[in-house]
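Residue numbers (this note's numbering), protein chains in the order written: chain R, 626 to 777; chain D, 278 to 1008.
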């Protein structure tokens, strides 16, 4: 029994739990802040986003960073509300052929959003999903939340 | 007792899962694997700027552009690659879900597996061309940065236009009339989109150049470098706001009497450090200026944000940095004046030299050095703030000084904007510009053209009905015009050869840097044919029958599994014999890729088949990657996209289907580039993947660098999910 428990412990220890790179983010005492602000230029305008690394969410600053089900009812933005319903298992693989960004396809085909391009000052690209209320969520956030819902 | 039994079963299951995982993880403990990453300083991809292909099915082209960047140091436009490939394939009958034929639009949009293209196929097309354009020189790629999903919309519309137009030559009069109507619709649609989306780009060009033409360099015109400075300033402000937000949280925790005593010392330390960070960052922001925001429906700035705001910016508000006068003055005097002077006194070529100080005899990578103009600017700003080291932060990414290529890319935009003689010659910068399509097209590029190119393009576009004339040509005229069009003008029309690329012989990517490579495909699925045969022979009749039934059910959703089983029970030997020997579907194995793929996947998804395949693929992958990375060449792979975002057993162990046919649980196929390899702490080989889904991290269980668009994937998961390796080999 002890041997098995040890094996379980070891397996958990060696299991490939990954982590996000911490390069280029505000740090305190050598640790990256969990939540920070980031600007992306979208249609020639700087738009501020709130990035929460713990919750794996990048969303319009104004929306806050609480995608919990209890907050959905009074969420300020559509960008937060869609996180409770985005579901990767509904994605039709025919729409992602050619390696299309699955987050962009989710946005365009299932969430009624509009895909917008953002660039930073280094010309790095990132796509977002913009909703009628102008709030935006990063397409990789849609992927992460969509995968989680697809498992349920 | 029952509870105990379940506990034992659970423990045994965990053990059974752990053992193979652990054994797989030991692969680089016994054979040490040195860490290699082509993203490291001094390596070919260190400066590569990540792309997001959005809703376009151009992954193979994005992957190819990464491979060419590694060879040439030039950001070749993936959009141009995909479009050229699509044009080259024009006329080839392509099975798509609804129709056969439209190739360019199918290639761009990935309407089927076949249509989405292959990396080596695309390379075969582009290697015959005398030059390729960089990302900045391809209008549609530039537009994609500025507007709503316009890259996808443009591509679809232009792809359809090209497909239909090319087909006009062989159409009947009735069909021509129909297509002509579609063309008219497209023309209207394109005009509308180009006008609404890009007028402001022309305005920006005008605003930037006109004051310089007037000899006034003290204005507040917008331009590329100023835009960069805007973002750098806002980044500094965001860092300040991030510290302020975090400090507010820590303050609240310390004020809360319920916070455990054991946590307080750590919180106090953090609070102290945050206070220091805030003070330092506040000084930096104040040295630059103040941050304002404005609302789209209200004119002007409506508020000035406090320099350590913890509040949110209202929805739809647009923040901007208002620089202190001394910074603005420094910008104008030490940067623009210098650049402008160079252009006016030494001409375009000499001025280019100003921006390419590192181009010393072909050694194109000199990390961490700045152009003299920027150095001068930094010294000026440093003297204003009294902190000579701080301005360097404005040109740092991820804590490292900006690369030479990044700086050049920013500065080069200003070069395009500052060619007074060229702008004047083209007549595009004067008053009374016609609002015709041709000028709208040119405006959309924000670039001024020499007169002769402008004239040629005018003629071309006018003849296509896209010019200022209001009358659309009749179908016979369209037919004649299209017959006369040849590259590169059709590619220009498709938006993949921008004016900048046509004119700029030094900036575009010359064939000599990419046309002598050999593109090799290693189809991993071929491995499976051996596995398939061996495995098939090893099966007993029951297992064979079960596999065949499963496969038939997969291939045909209407197939009645129960009835099939009943038929087998009635006359098993006959059924099996007929099925194996001459069944119409099984007989197609080896000839029909789709059926073969289904069959192979079924077999390789069984434990024994999977293990054999995985071992072989790992060996093949490892040898290819090690050899290539050692000589600074990346390796492209085709894979099931699910492995990049989905940690489910199905995706990581490749039991999830990858047909791209919309089956339940199916994931799409994708091309990415392997750019690194390492042995992780668990003793497992990991591969670093360069993706084309932008600045993102789509799988929280894998280490990734969002700013680079890279992710480290375990060897096992990768090996299970790939089916082809592609390499570009220099002679």
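No residue lacks a Cβ here, since even glycine has one placed at the ideal position from N, Cα and C.
All values reported here derive from a predicted model rather than from experimental measurement.
Keeping to the same chain, check which residues put their C-beta closer than 6 Å to that of residue i; ignore five residues upstream and five downstream.
i, result
"residue 792/D", "404"
"residue 328/D", "339, 969"
"residue 660/R", "677"
"residue 739/R", "755"
"residue 967/D", "343, 950, 952, 987"
"residue 995/D", "964"
"residue 365/D", "402"
"residue 991/D", "961, 963"
"residue 394/D", "337, 362, 384"
"residue 741/R", "667, 753, 755"
Let me know if residue i comes out buried or exposed under the rule of 16 or more other beta-carbons within 10 Å of its beta-carbon.
i, result
"residue 382/D", "buried"
"residue 910/D", "buried"
"residue 1003/D", "buried"
"residue 563/D", "exposed"
"residue 541/D", "exposed"
"residue 549/D", "exposed"
"residue 947/D", "buried"
"residue 621/D", "Only weak support exists for where residue 621/D lies, its pLDDT of 46 falling under 50; the value from the coordinates is given anyway. The residue is exposed, with fewer than 16 neighbouring Cβ atoms inside 10 Å."
"residue 905/D", "buried"
"residue 695/R", "exposed"
"residue 847/D", "exposed"
"residue 537/D", "exposed"
"residue 545/D", "exposed"
"residue 594/D", "buried"
"residue 978/D", "exposed"
"residue 318/D", "exposed"
"residue 535/D", "exposed"
"residue 407/D", "exposed"
"residue 1008/D", "exposed"
"residue 706/R", "buried"
"residue 656/R", "exposed"
"residue 543/D", "exposed"
"residue 418/D", "buried"
"residue 892/D", "exposed"
"residue 746/R", "buried"
"residue 723/R", "buried"
"residue 683/R", "buried"
List the whole-angstrom C-beta distance separating residue i from residue j, where the pair is believed to meet the contact cut-off of C-beta under 8 Å.
i, j, result
"residue 785/D", "residue 357/D", "So it is not a contact: roughly 10 Å between Cβ atoms."
"residue 952/D", "residue 312/D", "Rounded, the Cβ-Cβ distance is 12 Å, inconsistent with contact."
"residue 1009/D", "residue 794/D", "There is no way to answer for residue 1009/D, as the model of chain D reaches only from 278 to 1008."
"residue 984/D", "residue 749/R", "6 Å"
"residue 701/R", "residue 515/D", "With a Cβ gap of about 20 Å, residue 701/R and residue 515/D do not count as contacting."
"residue 664/R", "residue 971/D", "The pair is not a contact, with the Cβ atoms about 15 Å apart (cut-off 8 Å)."
"residue 236/D", "residue 345/D", "Absent from the structure is residue 236/D, since the part of chain D shown begins at 278 and ends at 1008."
"residue 354/D", "residue 412/D", "5 Å"
"residue 671/R", "residue 761/R", "In fact, because the Cβ distance is near 13 Å, the residues do not count as touching under 8 Å."
"residue 1001/D", "residue 914/D", "7 Å"
"residue 897/D", "residue 397/D", "Residue 897/D to residue 397/D, Cβ: 17 Å. No contact."
"residue 662/R", "residue 556/D", "Not a contact, Cβ separation roughly 18 Å."
Kindly list the residues whose CB is nearer than 7 Å to the CB of residue i, restricted to its own chain and excluding five residues on each side of it in sequence; keep chain order.
i, result
"residue 624/R", "The question about residue 624/R has no answer, for chain R in this structure spans 626 to 777."
"residue 734/R", "720"
"residue 767/R", "711, 728, 731, 732, 754"
"residue 310/D", "954, 955, 956, 962"
"residue 636/R", "Because residue 636/R carries a pLDDT of 45, less than 50, the predicted location of this residue cannot be relied on, and the following value inherits that uncertainty. There are no such residues."
"residue 751/R", "665, 743, 763"
"residue 703/R", "756, 757, 758, 760"
Go through its chain and collect everything with a Cβ distance to residue i's Cβ below 8 Å, but skip five positions before and after it.
i, result
"residue 551/D", "520, 523, 524, 527"
"residue 600/D", "506, 510, 565, 566, 608"
Given the structure, does residue i come close to the ligand NAD, in the sense that its CB is under 7 Å from one of the ligand's heavy atoms?
i, result
"residue 707/R", "With respect to the ligand NAD, the structure offers nothing, as it holds no ligand at all."
Exercise for the section: Examine the Cβ distances between the segment 710-718 of chain R and the segment 761-777 of chain R and report whether three or more of them are shorter than 8 Å. Expected result: Taking 8 Å as the limit for Cβ pairs, the verdict is that the segment 761-777 of chain R does touch the segment 710-718 of chain R.
Practice task
With a floor of 3 residues, list each beta strand (DSSP E) that falls wholly inside the segment 690-758 of chain R, ordered by position along the chain.
Solution key: 739-744, 750-755
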